[in-house]
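Let me begin by presenting the structure, written as structure tokens, before commenting on it.
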Amino acid sequence: MQHQSTHSNERPFKCRECYKAFRTIKCLKLHQRIHNREKPYNCTECGRAFRTSGEVMEHQRRHFEERPFKCTECDKSFKVKQRLMLHLRTHTQDKPYK
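Spelled out as structure tokens, the structure:
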């Protein structure tokens with residue numbers, strides 16, 4: 308029954324805070340986390356909290372991405388050399404487009 312409701316335009320589950328309507332109770336409960344600021348999923352690397360497991364998984368990927376271009380002035384690193392070059396200007400105050 309619940310699967311069938313995802314194919315119709317009917318949205319019987321309404322949020323009491325903003326009156327937005329949803330097809331399933333699961334979607335409504337997920338939405339309600341916006342209003343009550345519930346963030347039950349935490350990053351295992353930095354502890355940052357997220358509303359959904361998908362959000363925390365996407366965030367955690369950033370902790371493990373290779374960043375071979377390292378700044379010699381601070382601890383930042385970048386995936387793309389061009390980003391490093393732009394970042395280096397923050398240390399020299401170089402503003403070529405001004």
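308 is the number of the first residue of the sequence shown in the working numbering; add one for each residue after it. For every residue, glycine included, the Cβ atom is placed at its ideal position computed from N, Cα and C. Note that this is a predicted model, so its numbers are computed, not measured.
Helix, strand or coil: how does DSSP classify residue i here?
| i | result |
| --- | --- |
| K388 | helix |
| K321 | strand |
| N316 | coil |
| S327 | Looking at the sequence provided, one finds Lys at residue 327 rather than Ser. Three-state DSSP puts K327 in coil, outside helix and strand. |
| K377 | strand |
Rounded to whole angstroms, what is the Cα-Cα separation between residue i and residue j?
| i | j | result |
| --- | --- | --- |
| V387 | E317 | 46 Å |
| C378 | G354 | 25 Å |
| F392 | S315 | The question names Phe, but residue 392 in the sequence shown is Met. So the two alpha carbons sit approximately 51 Å from each other. |
Please state whether the Cβ-Cβ distance between residue i and residue j is less than 9 Å.
| i | j | result |
| --- | --- | --- |
| K321 | L335 | yes |
| Q374 | S384 | One point to set straight first is that residue 374 is Arg, not Gln, in the sequence displayed. Closer than 9 Å, so yes. |
| K346 | R358 | yes |
Under the DSSP definition of a beta bridge, which residues are partnered with residue i?
| i | result |
| --- | --- |
| N349 | A356 |
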